[in-house]
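Following my numbering, the numbering of the sequence shown begins with 6 at its first residue and continues without gaps.
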Amino acid sequence: AGGVGRRGDLFHRVVPSELPGGAGLSSGVQTDAVPPRVLVAGECQTASQLFAELEPAHQEDADLVFLVDSSCSAGADGFEASRAFLQALSCELEMPAVRVAVVTFNHVVTVAAPLTGDRAALLAGLHEMRYAPGETTLAPPLRCAGELLFDASSLAYGVPAAARERSVVLVV
6 AGGVGRRGDL FHRVVPSELP GGAGLSSGVQ TDAVPPRVLV AGECQTASQL
56 FAELEPAHQE DADLVFLVDS SCSAGADGFE ASRAFLQALS CELEMPAVRV
106 AVVTFNHVVT VAAPLTGDRA ALLAGLHEMR YAPGETTLAP PLRCAGELLF
156 DASSLAYGVP AAARERSVVL VV
């Protein structure tokens, strides 16, 4: 059971999640853990389902950075599901008020789409993303997300990204 977002949250529905302390995910993205599935190699992988419920008339200025796992642990199917989710979500966002960046990662970090309010540029970046299996490392893409969000040259409405009230990093 979720509740309506407070204080003008970017998305309408806040869904309880598995975050420490039972915190809700104010981005409006729900992750429903499903039972682990056994991979061919005998490894165990937990899958997630992603969806977003948006209230189009109430989205406010925000910067979102999506980190897309392209490592072996995500697999090609998981990578393509993440791409499809982001393509659908990008069509629902009120851009340019909401700016989005997309970073793919395995042991190498690649900026697929820099922080932009241009939907066409974002969709082009999503289209160009390629699954490139490798080892999973999370610290470098998180560092990259921070650099994208807090780059003083990244301006929106004359306000540096670091000064914007809403900045969210989501790993998909």
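Note that CB positions come from ideal geometry on N, CA and C, so glycine has one too. Since we're looking at a predicted model, the values are computed, not measured.
- Return the chain-ordered list of same chain residues with a C-beta closer than 8 Å to the C-beta of residue 171, the five sequence neighbours on each side being excluded. Mapped onto the sequence shown, residue 171 falls at position 166. Only residues of its own chain outside the window of five on either side were considered, and among them 15, 65, 66, 67, 68 have a CB closer than 8 Å to the CB of residue 171, listed in chain order.
- Runs of alpha helix (DSSP H) lying entirely within the segment 124-156, each at least 4 residues, in chain order: DSSP runs (the alpha helix (DSSP H)) wholly in the segment 124-156: 124-133, 144-154.
- Does the Cβ of residue 83 have 16 or more other Cβ atoms within 10 Å, making it buried, or fewer, making it exposed? Translated into positions along the sequence shown, residue 83 becomes position 78. Counting C-beta atoms within 10 angstroms of its own C-beta, residue 83 has 16 or more neighbours from the protein chains shown and is therefore classed as buried.
- Which one of 129, 119, 71, 144 has the shortest CA to CA distance from residue 112? Numbered from its first residue, the sequence shown carries residue 112 at position 107. Of the listed residues, the one whose Cα sits closest to residue 112 is 144.
- Message: I'd like the list of long-range same chain contacts for residue 43, defined as Cβ closer than 6 Å, with 5 residues on each side in sequence excluded.
- Response: Within the sequence shown, the letter at position 38 stands for residue 43. With a pLDDT of 31 at residue 43, under the threshold of 50, the predicted position of this residue should be treated as unreliable, though the coordinate-derived value follows. Here the set comprises nothing.
- Buried or exposed: which applies to residue 130, given that a residue is buried once 16 or more other Cβ atoms fall within 10 Å of its Cβ? Within the sequence shown, numbered from 1, the residue matching residue 130 stands at position 125. Counting Cβ neighbours within 10 Å, residue 130 comes out buried, since at least 16 surround it.
- Message: Taking 7 Å as the threshold (C-beta atoms), are residue 107 and residue 71 in contact?
- Response: For the purposes of this step, residue 71 is taken as the residue at position 66 of the sequence shown. For the purposes of this step, residue 107 is taken as the residue at position 102 of the sequence shown. In contact: residue 71 and residue 107 (Cβ atoms closer than 7 Å).
- Message: Comparing C-alpha positions only, which one of 89, 132, 128, 120 sits nearest to residue 150?
- Response: On the sequence shown, position 145 is the one that residue 150 refers to. Comparing Cα positions, the closest option is 120.
- Query: Does the Cβ-Cβ distance between residue 87 and residue 73 come in under 7 Å?
  - Reply: Position 82 of the sequence shown holds residue 87. Position 68 of the sequence shown holds residue 73. Against a cut-off of 7 Å, the Cβ pair of residue 73 and residue 87 comes out as a contact.
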